[in-house]
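One structure is given here, and the rest of the page talks about it.
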Amino acid sequence: MKWTKEIAFLIGALEDGSLIKRAKIGDFSVEIEQKDKKWLEKIAENFKKAFSITPTITYRKDKNVWRLRVYSKKIVEKLEHYQKNLEELLYQSLEIQKSFLQAVYDAEGSVDKNKWRITLSNKKIELLLLLKKMLKNFGIETQKIWHYKWGVKVLPITKKKNIILFYKLIGFSHSLKKRKLEKKIKSLASPP
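Residues 17 to 208, numbered by the working numbering, are exactly what the sequence shown covers, in order.
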């Protein structure tokens, strides 16, 4: 199957979502819950471009989150195939790699409030090693992956030059994370 920037974005965003397969009851769906409705709308745009389908986005009052859902066995199976072949991303264009990186960092990344550091937390070491290689393709150096707790590992990007490169070449589309990073970058231009 051919990678596109839309597919890459969806696969990255799914780090914060689920592919649901309950064959006995015929439930095949994609589900992502998030407080940032605008980010879910961006994901919905990518679904529309990649699969010509419009996901539903509903508010879950009990959890105070928005939920994006797509019901389709065919789409679940296609996305599952891409998830199993992430290494192929290393051989895709930088535009496709950027799309994946941005979505993964939107889903699992964070901007440190006090330090020059962007981190990505995930339990899958293979994913973190892949991200490390992909970031290097953009000239962004990462530090050693460290173990946090409950099996979670953290991939840190440190040093101002790497944070600036991430900002210029990858960036966030998640509005809260985007604002945090922009604030940090703007602090460089203003005197203390």
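All residues carry an ideal CB built from backbone N, CA and C; glycine is no exception.
Open item on the list: In whole angstroms, give me the CA-to-CA distance for Leu211 and Tyr183.
Closed with: The chain is shown from 17 up to 208; residue 211 falls before or after that span and cannot be answered.
Open item on the list: Spatial neighbours of Gly28 within its chain, please: C-beta separation below 6 Å, excluding the five flanking residues on both sides.
Closed with: Position 12 of the sequence shown holds residue 28. Within the same chain, Phe116, Ala119 and Val120 come within 6 Å of Gly28 by CB-CB distance, once the 5 residues on both sides are set aside.
- [ ] Give the DSSP bridge partners of Leu136, in chain order.
- [x] Along the sequence shown, read from residue 1 onward, the residue named residue 136 stands at position 120. In DSSP, Leu136 forms a bridge with Gly125 and Leu171.
TODO: For Trp162, collect the residues of the same chain with a Cβ closer than 6 Å to its Cβ; drop the 5 residues on either side in sequence, then sort them by chain order.
DONE: The count along the sequence shown starts at 1 and reaches residue 162 at position 146. Counting only Cβ-Cβ distances below 6 Å, and skipping sequence neighbours, we find Val170.
Task: Assumed close pair Ile69, Ser88 - CB separation to whole angstroms, cut-off 8 Å - done: Start at 1 with the first residue of the sequence shown, and residue 69 comes out as number 53. Start at 1 with the first residue of the sequence shown, and residue 88 comes out as number 72. Confirmed, about 7 Å.
Open item on the list: My output table needs one value for Asp43: the three-state DSSP class, helix, strand or coil.
Closed with: Stepping through the sequence shown from its first residue, residue 43 is reached at position 27. Note: Asp43 maps to strand in three-state DSSP.
- [ ] Helix, strand or coil for Trp82, going by three-state DSSP, please let me know.
- [x] Residue mapping note: residue 82 aligns to position 66 of the sequence shown, counting from 1. DSSP, reduced to helix, strand and coil, places Trp82 within a strand of the structure shown.
TODO: Can you give me the Cβ contacts of Leu56 inside the same chain, cut-off strictly under 7 Å, excluding the 5 residues immediately before and after it?
DONE: Position 40 of the sequence shown holds residue 56. Hits under 7 Å: Ile48, Gln50, Ile73, Trp82 and Leu84.
- [ ] Give a yes or no on whether the C-beta atoms belonging to Lys65 and Glu22 are separated by under 8 Å.
- [x] Residue 65 sits at position 49 when you count from the first residue of the sequence shown. Residue 22 sits at position 6 when you count from the first residue of the sequence shown. A contact, by the Cβ cut-off of 8 Å.
Task: Beta-carbon proximity list for Lys54, same chain, < 7 Å, skipping 5 on both sides - done: Numbered from 1 along the sequence shown, position 38 holds the residue referred to as residue 54. The residues Ser191, in chain order, have a CB closer than 7 Å to that of Lys54 in the same chain once the five nearest residues on each side in sequence are set aside.
Task: Distance, Ile173 Cα to Gly187 Cα - done: Counting from one through the sequence shown, the residue named residue 187 turns up at place 171. Counting from one through the sequence shown, the residue named residue 173 turns up at place 157. The alpha-carbon atoms of Gly187 and Ile173 are separated by roughly 13 Å.
TODO: Please say whether Tyr164 and Ser126 have beta carbons closer to each other than 8 Å?
DONE: Taking the sequence shown and counting its residues from 1, one reaches residue 126 at position 110. Taking the sequence shown and counting its residues from 1, one reaches residue 164 at position 148. Against a cut-off of 8 Å, the Cβ pair of Tyr164 and Ser126 comes out as no contact.
Open item on the list: Within the continuous alpha helix (DSSP H) that includes Ile91, where are the two ends?
Closed with: Counting from one through the sequence shown, the residue named residue 91 turns up at place 75. Bounds of the alpha helix (DSSP H) holding Ile91 are Lys89 to Lys100.
Task: Rounded C-alpha distance that separates Arg133 from Ser45 - done: Counted from its first residue, the sequence shown places residue 133 at position 117. Counted from its first residue, the sequence shown places residue 45 at position 29. A straight line joining the alpha-carbon of Arg133 with that of Ser45 spans about 35 Å.
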